[in-house]
Amino acid sequence: VKNLHQILTRYPDDKLVLVFSAMGKTTNALEKLLQASRAEQTDLKISLLEQLEAFHFDIAAELFSTETIRPLSEKLESLFEQLKTDLNRIELEYDRHYDATVSYGELLSAEIISYYLVQQGLSAKLIDAREIILTDDCFRAANINWQKSCESIQKMAAANSDIHFLITQGFIGGTLKGETTTLGREGSDFTAAIMAYCMGAVEVIIWKDVPGLLNADPKRLAHTEKIDHISYAEAIELAYYGATVIHPKTIKPLQNSKISLKVQSFLNPELPPSLIDYAGESIKPKPSFIIKDQQVLMSISARDFSFMNEDILHKLFGYFAETRIHINVMQTSALSLSVCFDEDSQKLESLIKGLEAEFSIRYNSRLTLFTVRHYNQKLADAISSHAVLLEQRSRTTLQLVVKSL
Numbered sequence: 020v021k022n023l024h025q026i027l028t029r030y031p032d033d034k035l036v037l038v039f040s041a042m043g044k045t046t047n048a049l050e051k052l053l054q055a056s057r058a059e060q061t062d063l064k065i066s067l068l069e070q071l072e073a074f075h076f077d078i079a080a081e082l083f084s085t086e087t088i089r090p091l092s093e094k095l096e097s098l099f100e101q102l103k104t105d106l107n108r109i110e111l112e113y114d115r116h117y118d119a120t121v122s123y124g125e126l127l128s129a130e131i132i133s134y135y136l137v138q139q140g141l142s143a144k145l146i147d148a149r150e151i152i153l154t155d156d157c158f159r160a161a162n163i164n165w166q167k168s169c170e171s172i173q174k175m176a177a178a179n180s181d182i183h184f185l186i187t188q189g190f191i192g193g194t195l196k197g198e199t200t201t202l203g204r205e206g207s208d209f210t211a212a213i214m215a216y217c218m219g220a221v222e223v224i225i226w227k228d229v230p231g232l233l234n235a236d237p238k239r240l241a242h243t244e245k246i247d248h249i250s251y252a253e254a255i256e257l258a259y260y261g262a263t264v265i266h267p268k269t270i271k272p273l274q275n276s277k278i279s280l281k282v283q284s285f286l287n288p289e290l291p292p293s294l295i296d297y298a299g300e301s302i303k304p305k306p307s308f309i310i311k312d313q314q315v316l317m318s319i320s321a322r323d324f325s326f327m328n329e330d331i332l333h334k335l336f337g338y339f340a341e342t343r344i345h346i347n348v349m350q351t352s353a354l355s356l357s358v359c360f361d362e363d364s365q366k367l368e369s370l371i372k373g374l375e376a377e378f379s380i381r382y383n384s385r386l387t388l389f390t391v392r393h394y395n396q397k398l399a400d401a402i403s404s405h406a407v408l409l410e411q412r413s414r415t416t417l418q419l420v421v422k423s424l
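Each number in the numbering used here corresponds to the 1-based position in the sequence shown with 19 added.
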């Protein structure tokens, strides 16, 4: 948080919108807390809540003296009381309950940071994202109402034209009825893109704990390279296949308005950022490696031995759309459809329930999906040394589903 203040001094004359994610592993902690609450595991729920409260109050204690911390402490206490109330709403359908509770990570983070910046004497104001990022009620993957959102954002900006730093929460939005929604994991980048699009911004900068956009996850592969400059199209491809630095929906509104995107290190802000814009189309892209764990590989065939024709595929894709399962890889044969997707026990159960009357289903779980953009044969041979269950190749992309390492 203190590093943030240093970064903001780099923009003395610019009016900025600051979008913040949850701190640390708060989103994961809230997901565990939600599971414990729905399973009525009271002792675990209390323990997880205490850990979450201690984490945020410890951060506040490091930032403020006992004389200045009281107003923030009262706000944090109020948020935790609201969280406890929302956790107890176990009668809610899971996705709605998820959004009502997991969203507190961003609410807590933005509250702490906005208070810190104001205490540092900066012209800053916290704006509730749920009042300006307006969505439908597709909980956990809400769709933006672009017209209403832009109207609300522009009205908010006009009313706060004298404020230097407008602060809001990433990842979350709200329905027209006032219910909290979320935009999908890593959705804070998408929030920034929405704000930029609606306000006519010049650029978006995503600050990360890595040197910029890398061609692989440094936590998974020892040797990574920084990508200095790529096109919007290549960035969308990487995000689509699962690159975690950028939310899949971030690029479209930026590309539509020709807003450049930079990915920069907050640990080393002097390093040049990675740049995403139209000019990147002239640069030859490097091979990029994307690894997704917790994958399901499912084979589906008609019980009556029918061909896997367009009518049957249409029906199957309808089931996937209904259960909101995103297919990462798919292949068809004469009699079967093989699909790979992220493991989610509730969605998987719903999918099987919908399919089993008409279709035979076989599946493996806990698999890993390797995707390589701009591969060569040497790379393909190296990755193919694993136990491959499914392989898909195009001229630019290689995908392999393998048993988890």
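The beta-carbon is built from N, C-alpha and C at its ideal position, and this holds for glycine as well. Predicted, not measured: the structure shown is a model, and the values here were computed from it.
Item: Environment of D105 [buried if 16+ CB atoms lie within 10 Å]; Value: buried
Item: Closest residue to I7 among D77, Q173 and P291 (Cα-Cα distance); Value: The first residue shown for the chain is 20 and the last is 424, placing residue 7 beyond what the model contains.
Item: Range covered by the alpha helix (DSSP H) that runs through S423; Value: Careful: S423 lies outside any alpha helix (DSSP H) and carries neither H nor E.
Item: Inter-residue Cα distance where the pair is D363 and A176; Value: 39 Å
Item: Spatial distance of A426 from G189 (CA atoms); Value: What the structure shows of the chain is the stretch from 20 to 424, and residue 426 is not part of that stretch, so it cannot be assessed.
Item: Simplified DSSP state of C157, which is helix, strand or coil; Value: coil
Item: Three or more C-beta pairs below 8 Å linking the region 105-121 and the region 166-174; Value: no
Item: Contacts around I426, its chain only, beta-carbon distance under 6 Å, and the 5 residues preceding and following it disregarded; Value: Since the first residue shown for the chain is 20 and the last is 424, residue 426 is missing from the structure and cannot be characterised.
Item: T187 - partner residues in DSSP beta bridges; Value: V38 and I146
Item: Proximity below 8 Å, CB of L95 to CB of F76; Value: yes
Item: N- and C-terminal bounds of the alpha helix (DSSP H) containing K334; Value: E329 to E341
Item: Inter-residue Cα distance where the pair is I310 and N179; Value: 43 Å
Item: Pairwise C-alpha distance: T390 and Y260; Value: 7 Å
Item: Terminal residues of the alpha helix (DSSP H) in which L67 lies; Value: T61 to L82
Item: Within 8 Å, strictly: CB atoms of T200 and F158; Value: yes
Item: Three-state class that DSSP yields for V425 in the structure shown; Value: Lying before the first or after the last residue shown, residue 425 is absent from the chain, which here runs from 20 to 424.
Item: Residues bridged to E410 (per DSSP); Value: L419
Item: Distance, L98 Cα to Y30 Cα; Value: 31 Å
Item: Cβ neighbours of Q418 in the same chain (closer than 6 Å, five flanking residues each side left out); Value: V348, T390 and Q411
Item: C-alpha gap between S128 and F74, whole angstroms; Value: 11 Å
Item: Anticipated Cβ contact below 8 Å, L316 with L408, distance rounded; Value: 6 Å
Item: Within 8 Å, strictly: CB atoms of S320 and S379; Value: yes
Item: Length of the line joining the Cα atoms of P304 and A298; Value: 12 Å
Item: Closest residue to D33 among Q60, C359 and F184 (Cα-Cα distance); Value: F184
Item: Exposure of K44, with buried meaning 16 or more beta-carbon neighbours within 10 Å; Value: exposed
Item: Cut-off 8 Å between Cβ atoms - residues of its own chain near K366, not counting five sequence neighbours on either side; Value: T342, R343 and I344
Item: Exposure of A55, with buried meaning 16 or more beta-carbon neighbours within 10 Å; Value: buried
Item: 6 Å Cβ shell around Y134 - same chain, five flanking residues per side excluded; Value: L91
Item: Contact check, L9 vs F324, beta carbons under 8 Å; Value: In the structure displayed, the chain extends from 20 to 424; residue 9 sits before or after that span and is not available.
Item: Outcome for I65 when other beta-carbon atoms lying within 10 angstroms are tallied against a minimum of 16; Value: exposed
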